[in-house]
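In our numbering, the protein residues as written are 22 to 338. Ideal placement from N, C-alpha and C gives every residue a C-beta, glycine not left out. Please read these numbers as outputs of a predicted model, since none were measured by experiment.
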């Protein structure tokens, strides 16, 4: 049977995690479809139609789907779910909100946060065995599912993003009868940021509790991020102390990232933080404590006072 990817988008553009999820889908089976559930979302559908490995795009449009409310998107996915052996979601806040609702309605077990498809598509039923991290990434569980429909969330850092084709595949409009839901969209407040989005950034500069205050965080870390064109991140300790906003938090309870370069300044390297960034291609740690756990995963470590080292690094760039 075919594989269905539930795309994440803003009606005009696809979110980056969708491309990584398509890569995972192509490893589950050969026939990959993408569902665009939105309102006036033809632009997003056109983008999906040019993703390499996708054979068809399903477009479901209704006013109730405009804001991506989880209950509404789940009902749109359920309208076509019986035609698929696998339904894949990005393991983002939106995907983690929607996937359990689909799994519950289908009465199947959800497989969360996969980082690898173990079994190849050797049978018509597609892949049934996957790897996923547990215990904050310190162990990898191999999970096999016998469910007829497998509902899966995909950790984007485990898969490369799918490429694009010059020719677009067919876009099929699917009839949809809106389902009455208790949840309705009221309003949203979207933070404006000139920097790259944290989970899509190629370079991330993160600060920890050692910075001491929000003023010092901005004074020390912002110039380095500006020089590198990087996104700003923070440890949970720094966020809890009010040095940085919640959406900058990197870690098990924050955002999972895997940039080309990750610079951690004043971050000791608690297990919860390492779970969110240890898949980064190159990790640079700046910490004056030689026993800091961050050095165990760092490719380059500098044992120094960040208040001296970071300004010197900025001056040298």
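Mind listing, in chain order, the continuous beta strand (DSSP E) runs of no fewer than 3 residues lying wholly within the stretch 298-324?
The stretch 298-324 contains these whole beta strand (DSSP E) runs: 303-307 and 321-323.
If we cut at 9 Å on Cβ distances, does residue 84 have a partner in chain B?
Any reference to chain B falls outside this structure, which holds one protein chain only.
When DSSP builds the beta bridges, which residues end up paired with residue 105?
As a working mapping, residue 105 is identified with position 84 in the chain shown. DSSP, once it has assigned bridges, lists 23 as partnering residue 105.
Could you check what DSSP says for residue 182 in three-state terms: helix, strand or coil?
Locating residue 182 in the chain shown gives position 161, counting from the first residue. Correct three-state label for residue 182: coil.
Report the residue from 225, 121, 85 and 266 whose alpha carbon sits nearest the alpha carbon of residue 61.
If you number the chain shown from 1, residue 61 lands on position 40. Minimum Cα-Cα distance from residue 61 among the listed residues 225, 121, 85 and 266 corresponds to 85.
Could you please give the first and the last residue of the uninterrupted alpha helix (DSSP H) stretch that includes residue 241?
As a first step, residue 241 must be located in the chain shown, where it is residue number 220. Per DSSP, residue 241 belongs to the alpha helix (DSSP H) from 235-249.
Whose C-alpha, out of 90, 330 and 49, is nearest the C-alpha of residue 206?
Reading the chain shown from its first residue, position 185 is the one you call residue 206. Checked all of 90, 330 and 49; the closest Cα to residue 206 is 90.
Could you have a look at residue 335 and say whether DSSP puts it in helix, strand or coil?
Position 314 of the chain shown, counted from the first residue, corresponds to residue 335. Helix at residue 335.
Measuring only the C-alpha atoms, how far is residue 287 from residue 303?
Taking the first residue of the chain shown as position 1, residue 287 is located at position 266. Taking the first residue of the chain shown as position 1, residue 303 is located at position 282. Computed Cα separation, rounded: 17 Å.
Where does residue 151 fall in DSSP's three states?
Here the question's residue 151 lines up with position 130 in the chain shown. Looking at residue 151 - three-state DSSP - the assignment turns out to be strand.
On the criterion of 16 or more Cβ atoms from any shown chain inside 10 Å, does residue 289 qualify as buried, or is it exposed?
Counted from its first residue, the chain shown places residue 289 at position 268. Counting Cβ neighbours within 10 Å, residue 289 comes out buried, since at least 16 surround it.
Distance, Cα to Cα, residue 339 vs residue 268?
Look at the range of the chain in this structure, 22 to 338, and you will see that residue 339 is not part of it.
Thinking residue 202 and residue 92 are a contact (beta carbons under 8 Å), I'd like their distance in whole angstroms, please.
Translated into the one-based positions of the chain shown, residue 202 becomes position 181. Translated into the one-based positions of the chain shown, residue 92 becomes position 71. The C-beta distance from residue 202 to residue 92 rounds to 4 Å, short enough to meet the 8 Å contact threshold.
Quick one: does the C-beta of residue 152 sit closer than 8 Å to a heavy atom of the ligand ADP?
In the structure on display, the ligand ADP does not appear, and there are no ligands present to speak of.
Could you give the C-beta distance for residue 263 and residue 293, rounded to a whole number, given that I count them as a contact under 8 Å?
Working through the chain shown from its first residue, we reach residue 263 at position 242. Working through the chain shown from its first residue, we reach residue 293 at position 272. Incorrect: roughly 18 Å between the Cβ atoms, too far for contact.
With 16 as the cutoff for other CB atoms within 10 Å, does residue 274 come out buried or exposed?
Translated into the one-based positions of the chain shown, residue 274 becomes position 253. Exposed, since its Cβ has fewer than 16 Cβ neighbours within 10 Å.
Would DSSP call residue 261 helix, strand or coil?
For the purposes of this step, residue 261 is identified with residue 240 of the chain shown, where counting begins at 1. Looking at residue 261 - three-state DSSP - the assignment turns out to be helix.
Would you tell me roughly how many angstroms separate the C-alpha atoms of residue 210 and residue 161, rounded to the nearest one?
By 1-based counting over the chain shown, the position of residue 210 is 189. By 1-based counting over the chain shown, the position of residue 161 is 140. About 37 Å.
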